[in-house]
Amino acid sequence: MQKRNMTCIVCPVGCRMEVEVDDDGRVTGVKNNACARGKKYADTEITNPQRTLTSTVRIDGAAESFLPVRTAEPISKGRLSDAMAVIRALRVSAPVSMGDALANFDGVDIIACKTTDTRTQ
Amino acid sequence: MSGDNLTESKNTDKPDNNIKSYNNIEKKVVIIGGGPAGLAAALEANRGGIPPGEILIIERDRELGGILNQCVHAGFGLHLFGEELTGPEYAQRFIDEIKAKKIGYVTDSMVLSVSPDRTVTFISPRLGFGRIAAGAVVLAMGCRERTRGALNIPGSRPAGIFSAGTAQHYVNIDGYMPGNRVVILGSGDIGLIMARRMTLEGAEVRCVCEIMPYSGGLARNIAQCLDDFGIPLLLSHTVTEIRGRERVEGVVVSRVDENLRPVPGTERYIECDTLLLSVGLIPENELTREAGIEIDRVTGGAVVNQDMETSVEGIFACGNALQVHDLADYVTLEAYRAGMSAAAYALRGPGAQDPAGMIPTRAGEGIRYIVPHKIARGAAAGVKLFFRVSGIYRDVTVRLTAGVSEKGVTNNVRLRDYKKRIVTPGEMEQIEITEKTAAQLQNAVSIGVELCKKET
Ligand SMILES: Cc1cc2nc3c(=O)[nH]c(=O)nc-3n(C[C@H](O)[C@H](O)[C@H](O)COP(=O)(O)OP(=O)(O)OC[C@H]3O[C@@H](n4cnc5c(N)ncnc54)[C@H](O)[C@@H]3O)c2cc1C
Ligand code: SF4
Numbered sequence: 006m007q008k009r010n011m012t013c014i015v016c017p018v019g020c021r022m023e024v025e026v027d028d029d030g031r032v033t034g035v036k037n038n039a040c041a042r043g044k045k046y047a048d049t050e051i052t053n054p055q056r057t058l059t060s061t062v063r064i065d066g067a068a069e070s071f072l073p074v075r076t077a078e079p080i081s082k083g084r085l086s087d088a089m090a091v092i093r094a095l096r097v098s099a100p101v102s103m104g105d106a107l108a109n110f111d112g113v114d115i116i117a118c119k120t121t122d123t124r125t126q
Numbered sequence: 318m319s320g321d322n323l324t325e326s327k328n329t330d331k332p333d334n335n336i337k338s339y340n341n342i343e344k345k346v347v348i349i350g351g352g353p354a355g356l357a358a359a360l361e362a363n364r365g366g367i368p369p370g371e372i373l374i375i376e377r378d379r380e381l382g383g384i385l386n387q388c389v390h391a392g393f394g395l396h397l398f399g400e401e402l403t404g405p406e407y408a409q410r411f412i413d414e415i416k417a418k419k420i421g422y423v424t425d426s427m428v429l430s431v432s433p434d435r436t437v438t439f440i441s442p443r444l445g446f447g448r449i450a451a452g453a454v455v456l457a458m459g460c461r462e463r464t465r466g467a468l469n470i471p472g473s474r475p476a477g478i479f480s481a482g483t484a485q486h487y488v489n490i491d492g493y494m495p496g497n498r499v500v501i502l503g504s505g506d507i508g509l510i511m512a513r514r515m516t517l518e519g520a521e522v523r524c525v526c527e528i529m530p531y532s533g534g535l536a537r538n539i540a541q542c543l544d545d546f547g548i549p550l551l552l553s554h555t556v557t558e559i560r561g562r563e564r565v566e567g568v569v570v571s572r573v574d575e576n577l578r579p580v581p582g583t584e585r586y587i588e589c590d591t592l593l594l595s596v597g598l599i600p601e602n603e604l605t606r607e608a609g610i611e612i613d614r615v616t617g618g619a620v621v622n623q624d625m626e627t628s629v630e631g632i633f634a635c636g637n638a639l640q641v642h643d644l645a646d647y648v649t650l651e652a653y654r655a656g657m658s659a660a661a662y663a664l665r666g667p668g669a670q671d672p673a674g675m676i677p678t679r680a681g682e683g684i685r686y687i688v689p690h691k692i693a694r695g696a697a698a699g700v701k702l703f704f705r706v707s708g709i710y711r712d713v714t715v716r717l718t719a720g721v722s723e724k725g726v727t728n729n730v731r732l733r734d735y736k737k738r739i740v741t742p743g744e745m746e747q748i749e750i751t752e753k754t755a756a757q758l759q760n761a762v763s764i765g766v767e768l769c770k771k772e773t
């Protein structure tokens, strides 16, 4: 059995938890979590850590040059840099509305975080 | 959304057509700044009975949304919406509502002055000069980065030194990476967020140096922005020298003692081409000062009452222009209060509103400041006291007290205790005054918050 200190990142409270993991890598106990979401976070963090990835992509025909995007759901932490490569290669055109799916990575949509302005010129 | 939605022009090719002048007009509520604070204040002023056409948000940037436009990371809206949004998504929800309700706004317009009689002047390349007589004014100009302390670093001043917020603008708005090998001085949230952002964009972040023995950023940001990428956080360390002629070539970092003085012999050279300074934010308060509004020397923002009204009647303040917030959700809630109060003032007109007088708040042992600074005796129930502590304390009691005067001596008597496992200067705390507590304030000369390390 192993004890690990872990900061819950689910909300800004940021509970400093103590997580007990057995020899098979299973969570057997969580302490100092202020709510149940902390325990759930500890479970996935030990088995398959997940993160939401946010970035920007180039956009044509809008008042702005870059459009903020994110993965619609958290993806595997180990896949962040591969997802970045996909996002970096993306190029979209206005108009775009918040929530539009622009691409897909590992079965998760990459969505627009903003509704673009139409260029007035 | 550049421009404004008040002009009648249908001809979008020539937005200058049919513009009515903003010179010498009247508005019930004028809001300075179109960030989350300004947007929420406008929506709430509307809910408080001000018609959409009688509200005007004045924003100097090209678009509404404020600093959230460059905060592309997630971490907004958990309190208000129960889900984690990015900055632009959080802003978009409010912008959509402003547009749907046809609440007035102008962009590319910079406010130059606010007078104590609530005349607001602004300048815009497209609309020219504006002068508006406002029924009530809401100050929501946000904050700026404090960089002064960082200028004391000896050595040359080569290219490659940026404030973290400027770097964030470069990367997220302009799509330009300011450097490849980065050292970050200061562990505030912007610095932490930028450490992750630049790492994901391919830069190598060598370390984050923090002069204090603790980080000023949220614990979750240390976990997901530094630990996730193996970026070292050097607490009690600072940059003592910058090297390089034209471009930064490296920095010397040293450990500091309890008095924050570098310890000789601990110097370490770290090669880098970029130094980001993330050394804190301060309310944008130039307009506030020039209006003759009393400023709190600790927060750098206005002194306000429970309605977020400043020392000048009819002028309200909220968001980062009032006190630097870590969470946009609290900015929104504070701005709702300011917007509602501004609407009430604009409808009611000048005049004293609380005959029972004001009770000042008192930042006691271990508390840096409290907002609001005073509370109307009759309106204390439901008011939230927002405060920051002066250091990291574990297992403490936060005590709410009332100042009671007897025979010329004032004692601070306990009203209520709140147990906390940990409080840190990086995280704003709040206490709501309950009805029961409010009833105990009848004869109080002050209401205080203090930390007690032991039960008494
Ligand atoms: C880098 C960074 C990261 C953050 N991360 C998080 C996070 O993860 N989660 C979270 O909840 N919160 C976060 N915050 C905090 C939150 O975003 C801010 O507290 C919030 O945006 C402040 O809103 P505001 O409206 O007061 O100020 P701002 O958003 O700064 O808006 C002020 C507006 O006023 C305008 N203005 C200023 N002066 C004038 C003038 N004279 N005339 C006209 N217009 C003017 C400015 O152009 C600006 O648009 C972060 C803040 C920063 C800076
Ligand atoms: S355990 Fe609950 S309260 Fe604590 S940080 Fe996680 S989500 Fe927030």
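So the sequences go chain by chain: R and A. Quick note on our numbering: the first sequence kicks off at 6 and runs consecutively. Quick note on our numbering: the second sequence kicks off at 318 and runs consecutively. Don't be surprised by glycine CBs; every beta carbon is placed ideally from N, CA and C. The structure displayed is predicted, hence computed values, not measured ones.
Can you grab the Cα-Cα spacing for the pair residue i / residue j, in whole Å?
i: A:Glu744; j: A:Ala391; result: 18 Å
i: R:Glu78; j: A:Pro579; result: 45 Å
i: A:Glu343; j: A:Ala660; result: 15 Å
i: A:Val431; j: A:Tyr487; result: 31 Å
i: A:Glu584; j: A:Val556; result: 9 Å
i: A:Ala453; j: A:Arg606; result: 17 Å
i: R:Arg75; j: R:Ala106; result: 10 Å
i: A:Lys327; j: A:Lys419; result: Caution is warranted here: a pLDDT of 38 is assigned to A:Lys327, below 50, making its placement in the model unreliable, and no coordinate value can be reported.
i: A:Glu603; j: A:Ile612; result: 11 Å
i: A:Val629; j: A:Leu732; result: 31 Å
i: A:Pro433; j: A:Ile384; result: 27 Å
i: A:Leu360; j: A:Gly656; result: 8 Å
i: A:Asp378; j: A:Ala761; result: 45 Å
i: A:Asp348; j: A:Gly547; result: It is Ile, not Asp, that sits at residue 348 of chain A in the sequence shown. Going by the C-alpha atoms only, they are around 43 Å apart.
i: R:Asp48; j: R:Arg31; result: 8 Å
i: A:Val715; j: A:Val641; result: 21 Å
i: A:Ser480; j: A:Gly459; result: 17 Å
i: A:Cys542; j: A:Leu373; result: 38 Å
i: A:Gly477; j: A:Gly609; result: 38 Å
Just curious, the beta strand (DSSP E) that residue i is in, first and last residue?
i: A:His554; result: His554 to Arg560
i: A:Arg448; result: Gly445 to Leu456
i: A:Glu521; result: Glu521 to Glu527
Does chain R have any CB closer than 8 Å to the CB of residue i?
i: A:Pro405; result: yes
i: A:Val641; result: no
i: A:Ile384; result: no
i: A:Arg711; result: no
i: A:Asn497; result: no
i: A:Arg281; result: Outside the shown range of chain A, which is 318 to 773, sits residue 281 of chain A, and nothing can be said about it.
i: A:Gly492; result: yes
i: A:Asn341; result: no
i: A:Ala391; result: yes
Tell me the DSSP secondary structure of residue i in three-state form.
i: A:Ser658; result: helix
i: A:Tyr710; result: strand
i: A:Lys724; result: coil
i: R:Ile51; result: helix
i: A:Arg614; result: coil
i: R:Gly19; result: coil
i: A:Asn637; result: helix
i: A:Leu664; result: helix
i: R:Lys44; result: helix
i: A:Lys327; result: With a pLDDT of 38 at A:Lys327, under the threshold of 50, the predicted position of this residue should be treated as unreliable, and no value is reported.
i: A:Asp643; result: coil
i: A:Ile539; result: helix
i: A:Pro677; result: strand
Return no unless some Cβ of chain A is closer than 8 Å to the Cβ of residue i.
i: R:Leu85; result: yes
i: R:Ser60; result: yes
i: R:Lys82; result: yes
i: R:Thr49; result: no
i: R:Lys45; result: no
Start and end of the alpha helix (DSSP H) containing residue i?
i: R:Lys36; result: Per DSSP, R:Lys36 belongs to no alpha helix (DSSP H); it is in the beta strand (DSSP E), Val32 to Lys36.
i: A:Gln623; result: Neither: A:Gln623 is in no alpha helix (DSSP H) and is coded neither H nor E.
i: A:Gln485; result: Ala481 to His486
i: A:Gly355; result: Pro353 to Arg364
i: A:Gly508; result: Asp506 to Leu517
i: A:Glu752; result: Glu752 to Ala756
Using a Cβ-Cβ cut-off of 8 Å, state whether residue i counts as contacting chain C.
i: A:Glu380; result: Among the protein chains in the structure shown, which are R and A, there is no chain C.
| query | Where are the beta strand (DSSP E) runs, 3 residues long or more, that stay fully inside the segment 374-421 of chain A, in chain order? | reply | 391-393
| request: Could you name each continuous beta strand (DSSP E) segment of 3 residues or more that falls completely within the segment 58-125 of chain R, going from the start of the chain to the end? | output: 59-65, 71-76, 96-98, 106-110 and 113-117
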